[in-house]
Amino acid sequence: MNPFWILHTGRLRLTPVSGADLADLQAIKRDPRVFAIMLGGVRTAAQTADELARDIIAWSAHGYGIWTIRENPGGGFVGLTGLEDRPDGRGVALRFALWPEAQGKGYAREAAGAALRFGHDRAGLRRIVAVARESNFASRTVLGGIGMSECDSFEQGGHRMLMYESIAEPAS
Numbered sequence: 010m011n012p013f014w015i016l017h018t019g020r021l022r023l024t025p026v027s028g029a030d031l032a033d034l035q036a037i038k039r040d041p042r043v044f045a046i047m048l049g050g051v052r053t054a055a056q057t058a059d060e061l062a063r064d065i066i067a068w069s070a071h072g073y074g075i076w077t078i079r080e081n082p083g084g085g086f087v088g089l090t091g092l093e094d095r096p097d098g099r100g101v102a103l104r105f106a107l108w109p110e111a112q113g114k115g116y117a118r119e120a121a122g123a124a125l126r127f128g129h130d131r132a133g134l135r136r137i138v139a140v141a142r143e144s145n146f147a148s149r150t151v152l153g154g155i156g157m158s159e160c161d162s163f164e165q166g167g168h169r170m171l172m173y174e175s176i177a178e179p180a181s
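And the structure:
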């Protein structure tokens with residue numbers, strides 16, 4: 010694993026996903042409290058294993074991908090965040106999902122903010138998008154709190170989805 014891809018915040022350690030994370034990822038992705046409203050919904054163990062294989066390859070192919078989020082120092086798995094190409098072609102998207110027990114502590118903002126900065130500053134991405142249901146005020150608050158701005162909306166599965174974006178300033 011490239012140490013350049015490991016991120017540290019005041020309270021969290023973000024590490025690119027690896028095979029060692031499979032059990033944690035299967036647990037969070039099969040939990041409807043966390044993944045029911047994520048793109049693609051709740052995953053089976055086999056779907057999560059397939060996604061993990063693709064996510065590992067994405068790091069080498071693109072220089073960005075999905076991280077696990079763990080509390081510092083040496084703390085437990087609290088969720089995931091990352092950057093990945095949206096399947097609908099809307100761009101490279103920021104995503105995050107945390108266990109309910111980890112919510113309300115500022116971890117989502119901390120981790121998503123670190124992922125967003127990585128995308129712009131280290132991966133060289135000029136534009137990063139994110140999508141949240143209009144009714145998902147927690148995610149919308151995180152996205153606004155890390156500097157993303159609402160830029161579009163669309164309907165998906167009977168829900169109004171809001172698109173946010175972050176545009177990197179050109180280097181001077």
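In the numbering used here, the protein residues as written are 10 to 181.
Just so you know, even glycine gets a beta-carbon here, dropped at the ideal spot from N, CA and C.
In the DSSP assignment, Glu159 falls within the beta strand (DSSP E) that extends over Ser158 to Gln165. A contact is defined here as three or more CB-CB pairs under 8 Å, and the stretch 27 to 35 fails this definition with respect to the stretch 91 to 100. For Asp130, there is no enclosing alpha helix (DSSP H), since its DSSP letter is neither H nor E. DSSP, read as helix, strand or coil, puts Val138 in strand. Here the C-alpha atom of Leu21 lies approximately 21 Å from the C-alpha atom of Ile65. Rounded to the nearest angstrom, the Cβ distance from Leu23 to Ala58 is 21 Å, too far for a contact under 8 Å. Per DSSP, Val51 lies in no alpha helix (DSSP H) and is assigned neither H nor E. In this structure, the beta-carbon distance from Leu103 to Leu125 falls below 8 Å. Taking every protein chain shown into account, the CB of Glu178 has fewer than 16 other CB atoms within 10 angstroms, so this residue is exposed.
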